[in-house]
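Residue numbers (our numbering): 36 to 1292. Notes follow the structure.
Written out as structure tokens, the structure is:
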């Protein structure tokens, strides 16, 4: 915020002097405290000078630059202690105290900006007057102090405040005083305000702060060191680092012995302001159990291991991970997980967890914040032992050449024992991993993972589809790479840590224990004899590497077919002068005969391989093209099966350059299917010169590079009907219906483009797809149009088209290409007319390709390709689409609809009924419905007893429309009904929709509702008694209108879809267990056994007439709870806790019922219920609870005779109305409704039962 804003102020800011003798007269203001040794946290001064310092926890003293900064921290000088000058001198001077966070804003004379102060002297520019007003109100300009320029260097400028919505760190807000701290709002109690030395003058209005949008933290009720540390001696602020428990931190589990790399705790690190670097974390092992249960601990960032295995200190139970190198940019997050290897035989039942106990356990360049301690869930150890996976290096590794692609650099086997497992990930140590690239993990020829070099010579291979390892079986894996580096470089590959293998067992679901027989890494892997994979990079002045491709088909009449790929790497500048390739026909039928097969075509005197060219990886010509010699095409000749092709175009390769090249050929259109060809680079004929004109002789390898075999094939196209779409039912008028889908598989040799094809269709109304003139449907009468779509992209390929007179859909003159070797899918999507089905019954339709002749396709060269049509392309064989006249609608009472209860008068928005609507085949819009007020139905589901309309002021229905927007409508009851029309209540076919019914109740009074009136709201369909149609829904596709009579058969009869009857009252009691109700050990005699609350609603008072106390007692000989003694009313006292000296019961108020339900309580039985009837004796009468008040009542009982010898115990309960009445014939509670109703029972008191604690004697 620019200080030019002051032009708008009525009050200017007074500038303080650059230096202030602010302590002058200090001694006259306050007498010094008695001298004593200083302690951290003290305000101190010497005996000679008046300068005051803060003695910080770091053992240093900090000076207050002026009086203003002092008074942001303290309200007076009463806390200053005087120490000797020598003691003061022994405490090193560290720096200056800055303004307290959240106190006055500051500026300097030379800078017009106004800043808010946040922790550790970080200041934030308040950019606009609007922000300032939102924080401090209209008088914000009175909240600013000038700081001398010389002291401005004590502050660090942080991010600007461009909005008031989030406030700033340290800000205090008015109202219920809140402190904004570390991204949360914390309520500050009166005690907390005083203890942390907050001052009223720093509390701001904060009208622009969105307090509701800020998460709540713990209430501040006492002093907090972070708030009262005047020196703020935390790490210098370069940003903020928030540490929190990740939402997906591992759940508690039982761990088998020997499990490896088990994740315990996952935390989220977020750079909340500025960048943050994390160098060290100290984790503490919690739980109940031995440190030895865990062999090693590791720290991971995502899937990358940051450290080697670390042992846990047996005395401190801590493990330190250093040199982490985690760097986070502003606003970025990272997830860190601590994992552990479980001992082979941990102590069964022991538990363990890992946690960061304090912010100091995270060493960072930023200020660390979080709700410490941050502890993960506890794991429990078991005696069950996890299975194991053994990793063995295997086989020999051929020395790869520089430039080689997908060269195998490691081989290993994995064998599981004791359980099956799935390999999810493996990280291998590759010496000088950064020299190579494109790491891949293979099993045989199957690519399992494209691996990632994650630093520290580690290569991580994560398997998207985990590899199954059957118990006892061995699987062999290979790691490949594109080779870089230099001649003689060692490629050492090993498994550094057991935790680098993630193989999850199928029995217990945990990482299996690892036996590592490939553990030599780095310098430990020096030869093939070590437990690792070892090879050396081969290279010369000129290095050739064969890079495939693998054997495959190549297309007849195909252009630029690749037979051989290779790389050339030059150590120094060279001029390539000649390369020779041998081309051979190597198929089973290869011969020298004069025929059309092999290299030469006899009939046409042509070569079957033409335009032979060495090309760059991008396809450009590097050498050639050259041609085969066709002189002997018509004769028996060796030229037919082998010929050398010499390339002598001069090319240069620069020092250190590596070229990726390929040998390509065009295949003659008359070549013969299944001929097999192979190319070989003749290394002995390589000719090149260096920059001196000397021949290059150091060429690697010395032997020929032999390519793979390639077989001639024609372009092909296989077409099959597929699902989805599957059989389905729709209603007339349905649009965008997927009626049939097809898969299109192109052969490896060429892309295939489809340009035309015809879909046949047939309709049926008699159950058989046959062409019979007397029954089948004319498709054109019901299908208006169809279009063809790409299933993957969703793009329109062609259409719309309408069926012709032969019920065919002609898709013509489009272009849709299937890449060679791939399968694609398209779908036919149709729109149906709103015409009724034939004869009123459901119709069925099938769409199909009748013959291969209905498909027009071509290869990359424009030649026709004949489709191979699958046997499933017949009418109705794959997908049948059924068309019906309309969909169905089902209505039922929602499972969460309220049960019967008390509804108070003058209530609003009370939910009384919930109805569930479900649509099939088409969506529906409910346009009309009627609510019926009925509390009792006869056997015909007609209303026998209507509810009281006078209880309901209005009834509102709530629902969603077709856009998902919440809608509501209000109606009023008359004659037991409330009608709603012009509704747009939308019921989709995907999931159900709920109609909610809420009511506003009338006031309970002589002119309004009567206490005790009942009402129950149902959906009405009683059209015989109603004047108009009471329910109507319209199908979205069919347009058909459904009334209640048309609803799905399993719909509950609408009148029977009723909400539970509700009872209206003016007020009601709420009974609950009171705090301090006794439990635990007791002493026999007269003492409290039960304490409970009774609250009256604010609408009126409640009078208690009767309460039934259930006596739950254990007494081996029935000595203290027996009838004949325990049923003595003088042993029972009842009083209001607010006046314990005044009993509110008389002896005549008590009735005792034995376990047989007899209120005579005869000899030989025990007291089961004690019923307090306040109306039983006229001395006291009912007890009254005022409107909106809560009374606490205490029941005391004399339990003399109870004792420990008999394991005597007692518990008092107030049980539900039904339970109490069934046992005693008395109500659980009788109460009066503010003189509106008398002796109301406890039927609808939803908080019953209320149970006291057990008292043991």
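By construction, the Cβ of each residue, glycine as well, lies at the ideal position given by its N, Cα and C atoms.
- Taking a 10 Å sphere around the C-beta of residue 759, we find fewer than 16 other C-beta atoms and assign the residue as exposed.
- As DSSP reads the structure, residue 1121 sits in a beta bridge with 1233.
- Just measuring C-alpha positions, the residue of 588, 677 and 578 sitting nearest residue 626 is 677.
- Looking at the backbone, the Cα of residue 785 and that of residue 591 are separated by about 9 Å.
- When the alpha-carbon of residue 998 is set against those of 1021, 992, 1014 and 1012, the nearest one is in 1021.
- One alpha carbon belongs to residue 1168, the other to residue 943, and they sit about 41 Å apart.
- Nearest neighbour of residue 1216 by Cα position, chosen from 1232, 1182 and 1240, turns out to be 1182.
- Residue range 456–465 is occupied by the beta strand (DSSP E) that includes residue 456.
- In this chain, the alpha helix (DSSP H) harbouring residue 230 covers 225–230.
- Closest in alpha carbon position to residue 1026, among 1039, 254, 920 and 995, is 995.
- Burial of residue 1073 is indicated by the presence of at least 16 other C-beta atoms within 10 angstroms of its C-beta.
- Between residue 987 and the set 961, 904, 908 and 1096, the nearest pair of CA atoms involves 1096.
- Counting of Cβ neighbours within 10 angstroms places residue 656 among the exposed residues, the total staying below 16.
- Secondary structure of residue 1185 (DSSP, three-state): strand.
- Residue state for residue 310 is assigned as coil, using DSSP reduced to three classes.
- Listed as beta-bridge partners of residue 645 by DSSP are 701.
- Comparing alpha carbon positions, the residue from 1105, 107, 1081 and 946 closest to residue 1029 is 946.
- Between the beta-carbon of residue 311 and that of residue 366 there is about 10 Å, and that puts the pair past the 8 Å contact cut.
- In terms of Cα proximity to residue 91, the closest of 75, 638, 1242 and 1133 is 75.
- Taking a contact to require three or more Cβ pairs closer than 8 Å, the region 522–533 and the region 563–573 qualify as touching.
- When the alpha-carbon of residue 670 is set against those of 638, 646, 700 and 685, the nearest one is in 638.
- Going by C-alpha positions, residue 1158 is about 15 Å away from residue 1245.
- In the structure shown, residue 183 falls within a coil segment according to DSSP collapsed to helix, strand and coil.
- Every beta strand (DSSP E) of 3 residues or more that sits fully in the region 585–662 is shown, in chain order, as 587–590, 596–605, 609–620, 644–651 and 656–661.
- Beta-bridge partners assigned by DSSP to residue 821: 836 and 865.
- Going by DSSP, residue 723 is part of no alpha helix (DSSP H) but of the beta strand (DSSP E) stretching over 722–725.
- Contact check for residue 595 against residue 715 fails: the beta carbons are separated by 7 Å or more.
- Counting along the chain, the unbroken beta strand (DSSP E) around residue 550 starts and ends at 548–552.
- Going by C-alpha positions, residue 181 is about 11 Å away from residue 101.
- Classified as buried, residue 682 has 16 or more neighbouring CB atoms from the shown chains inside 10 Å of its CB.
- Going by beta carbons, residue 502 and residue 530 fall outside the 7 Å limit.
- One alpha carbon belongs to residue 237, the other to residue 80, and they sit about 27 Å apart.
- In the structure shown, residue 677 falls within a strand segment according to DSSP collapsed to helix, strand and coil.
- Annotation for residue 175: 167 and 168 place their beta carbon closer than 7 Å to its own, counting only its chain and skipping 5 residues before and after.
- Of the residues 935, 1161 and 643, the one whose Cα lies closest to the Cα of residue 1232 is 1161.
- Per DSSP, reduced to three states, the secondary structure at residue 105 is helical.
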